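Numbering (the numbering used here), first residue to last: 1 to 149.
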């Protein structure tokens, strides 16, 4: 699987393979963390329903992986996260235009983003630039007006 696609694949994603005119269902059981030797493609391990033993381990086949979709979730780039004392937090801009630390709970990683399961609400203004030099209660200037949705 290509480098641009591998970050969207997770264990237990559904797989559909077509081989010699037959369809085989399965699921992803492993996702490579580095490209195969001498290649830019990442290995993906799948388990297929194969009662007639037509497919064998190690075969090169093509198919479709159906990744999970998410609706109505809050997420941010992993780059916006900070950690302190075993807690993950982000900076938000409060109503007084000051930086405020908000402890969050993380969900599933999707590509270079991560779902935030608690700690943020729709409409919160998340700081995404200048985070490394930011301190709590510092006066900040919002530029783009993006907010959590």
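Quick reminder that beta carbons are idealized off the backbone N, C-alpha and C, glycines included.
Computed from a predicted structure; not experimentally measured.
What separation, rounded to the nearest whole angstrom, lies between the Cα atoms of residue i and residue j?
i	j	result
residue 52	residue 24	11 angstroms
residue 142	residue 84	24 angstroms
residue 59	residue 46	11 angstroms
residue 39	residue 27	24 angstroms
residue 43	residue 29	11 angstroms
residue 129	residue 75	16 angstroms
residue 71	residue 107	13 angstroms
residue 8	residue 21	27 angstroms
residue 69	residue 133	35 angstroms
residue 135	residue 6	35 angstroms
residue 102	residue 10	28 angstroms
residue 48	residue 82	40 angstroms
Considering only DSSP beta bridges, list what residue i is partnered with.
i	result
residue 44	31
Quick check on DSSP: helix, strand or coil for residue i?
i	result
residue 79	helix
residue 131	helix
residue 63	strand
residue 73	coil
residue 23	strand
Taking the beta strand (DSSP E) that residue i belongs to, which residues open and close that run?
i	result
residue 6	Unbroken run through residue 6 is the alpha helix (DSSP H), 3-6; no beta strand (DSSP E).
At which residue ranges does the stretch 84-129 contain complete beta strand (DSSP E) runs of 3 or more residues, listed in the order of the chain? 87-93, 99-103, 105-110, 113-118
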